[in-house]
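Here the structure comes first, spelled out in C-alpha cells, and everything after it is commentary.
Protein chains: 2
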Amino acid sequence: MLLLQEKIKNEGKVLSNYVLKVDSFLNHQIDPELMREIGKEFARRFAAEKITKIVTIESSGIAPAVMTALEMGVKVVFARKRKSLTLHDAYTANVYSFTKQETNEISVAKEHLHSSDRVLIIDDFLANGQAALGLIELVQQAGASIAGIGIVIEKSFQEGRSLLEKDGFRVESLAEVASLTNEKVTFKEEEGAFV
Amino acid sequence: MLLLQEKIKNEGKVLSNYVLKVDSFLNHQIDPELMREIGKEFARRFAAEKITKIVTIESSGIAPAVMTALEMGVKVVFARKRKSLTLHDAYTANVYSFTKQETNEISVAKEHLHSSDRVLIIDDFLANGQAALGLIELVQQAGASIAGIGIVIEKSFQEGRSLLEKDGFRVESLAEVASLTNEKVTFKEEEGAFV
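Chains as they are written, first to last, in my numbering: chain A, 1 to 195; chain B, 196 to 390.
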C-alpha cells in the first residue's frame, strides 16, 4: 500500500535494527484518513471471505480494525490485555512480548465470539507473531473459523509470517519492512532492487 | 442522541446502581456504524470550535475519537495508561480509578500536543470525572486550549460533570444516564416524566 509506505518513509523513526516507531500516525497519534484507507484495503483484500467479525487487540489494533469493520459492515471485538472487572466468562490466551519481556493474559468475552463466525484478525504490527497466535487461539477456542490475518506493518525479517503460514493461515500485510539496518526503512519490494 | 439511547436500552446491562455494562457496542465489542454516527454528532456539536486535535485515552475512547477526528479532518492522540518503551519526552498526569481502586499514570508524547492546538477531549464514559481531569491536565501542560469534553455516556448521578463545569469546561454528553436503580437505565430527559 503505497500511501502507507510513504507515511512510514516520511514519519517513521528507526530506533534500532528491530524497532520502528510510528507514533505519529498509528500507535499513539492516529491519522484517521489513513486508517480509512487501510480499512478499505483490508476490506478489498478479504472481500471474498464473507467475514462476520473482526478480532483485534487493544490498543493500537483498534483504529485500523474499526475502519475495516465499517467498510465490511461487521462488528469488531478487541481482546483485552488486562482483565476487566466486568469480564467473567471469557476465552483467554497467554501472549509473550519480546519487546516488553512480559506475558499478558489476553481475553475476549465468550458472548462476542461464536462458532458460526468467520473471523478476520487485524493488528498493527507483525513481528514475532505472538499477539497474532494468541488471537488465533481465542478464536479457535470459540470454534470460529479464521479467514486470515490483516497486518498494517509487517517486519518481514522476523519470524511472525512464517509461524502463521506454517499453520496454514493467510497473512496480508499492507507494508512489509524487509530491514531497519543503517537507520533506514527498506521495504520488501525495494530489497535487492540495485543488485 | 436517540440511536445511542436505544442501543443502551436494548443492549446495556445494569450490573449495579453504579455499573452499566455496554460491552456489546462500545467497551469490548465495537459497533462501527454507531461509532460513525457518534463521530458525526460530536463534529456537529463542536463545529464552531475550530478543533485542531482530539485527545482521548486508551482503549475505549479510541473508536469514538477516531470517528470524530475523521469527520473533523484532524488527528487523534490517545493518552497511554502504561508508559511505552519508546515514549520518553511526555506530559504525564495521575488518574485515580474508583472502579479499579488504582492510580494510573497517563501520558502523551510532547511532540503530539502543541500550544497552538485547540483540543476536543473525547471519552467513552463520564462518572467521577477523574479521567477527563487527567486529560485536561495533559493538554494544559502543553499550553493548548480546550474547546470542551465530548462524552459518549454520562452517568449524571455522579460528580464528573459538576467538577468539569466548575472549572469552566463545556461538557457534551450523547447519553445522560440519570439513574441505574431498580436494574433499569433512566435517561435524564425521562426523569420525573411521570411525576
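Backbone N, C-alpha and C fix where the C-beta goes; we use that ideal spot for every residue, glycine too. All values reported here derive from a predicted model rather than from experimental measurement.
- Excluding five sequence positions before and after S368 of chain B, the CB atoms of its chain that fall closer than 6 Å to its own CB belong to I346 and E349, given in chain order.
- Across the set B:A242, B:L199 and B:V250, the C-alpha of B:V250 shows the shortest separation from the C-alpha of Q29 of chain A.
- Counting only runs of 4 or more residues that sit fully inside the region 21 to 47 of chain A, the alpha helix (DSSP H) segments are 32 to 45, in chain order.
- Short of 7 Å from the beta carbon of I62 of chain A, and not among the five residues preceding or following it, lie these beta carbons of its own chain, in chain order: T56 and F78.
- Here DSSP, grouped into helix, strand and coil, assigns E105 of chain A to strand.
- Secondary structure at L113 of chain A: coil, using DSSP grouped into helix, strand and coil.
- In the three-state reduction of the DSSP assignment, L315 of chain B falls in the strand class, which pools E and B.
- Taking 8 Å as the Cβ-Cβ cut-off, the region 28 to 46 of chain A approaches chain B at H28, Q29, I30, D31, P32, E33, M35 and R36, given in chain order.
- In the structure shown, the three-state DSSP call for T376 of chain B is helix.
- When DSSP states are grouped into helix, strand and coil, A285 of chain B belongs to the strand group.
- Put simply, the backbone Cα of L126 of chain A is about 7 Å away from that of R161 of chain A.
- With a beta-carbon spacing of about 16 Å, I122 of chain A and R80 of chain A fall beyond the 8 Å limit used to define contacts.
- Along the region 243 to 264 of chain B, going in chain order, the ones with a CB nearer than 7 Å to a CB of chain A are E253, S254, I257, A258, V261 and A264.
- Shown here for Y291 of chain B: same chain residues with a beta carbon closer than 7 Å to its own, the five before and five after excluded, namely T298 and Q325 in chain order.
- Between L2 of chain A and G39 of chain A, the gap from beta carbon to beta carbon reaches 8 Å or more.
- For F237 of chain B and P32 of chain A, the gap between their C-alpha atoms comes out near 15 Å.
- At a cut-off of 8 Å between beta-carbon atoms, H88 of chain A makes no contact with chain B.
- Here the C-alpha atom of K216 of chain B lies approximately 11 Å from the C-alpha atom of V380 of chain B.
- The beta carbon of D284 of chain B sits closer than 6 Å to those of K305, all from its chain and outside the five residues before and after it, given in chain order.
- Taking 8 Å as the CB threshold, F157 of chain A stays off the interface with chain B.
- Taking 8 Å as the threshold, the shortest C-beta distance from F125 of chain A to chain B does not fall below it.
- Its chain contains F220 and L229 as the residues whose beta carbon lies nearer than 7 Å to that of K202 of chain B, once the 5 sequence neighbours on both sides are disregarded; these appear in chain order.
- The closest CA to that of M72 of chain A, considering only A:T52, A:L4 and A:R82, is found on A:T52.
- Under a 10 Å Cβ-count criterion, L330 of chain B is classified as buried, with 16 or more other Cβ atoms of the shown protein chains found around its own Cβ.
- Taking the Cα positions, K295 of chain B is about 19 Å away from K208 of chain B.
- Distance between E232 of chain B and K75 of chain A, taken at the CA atoms: about 15 Å.
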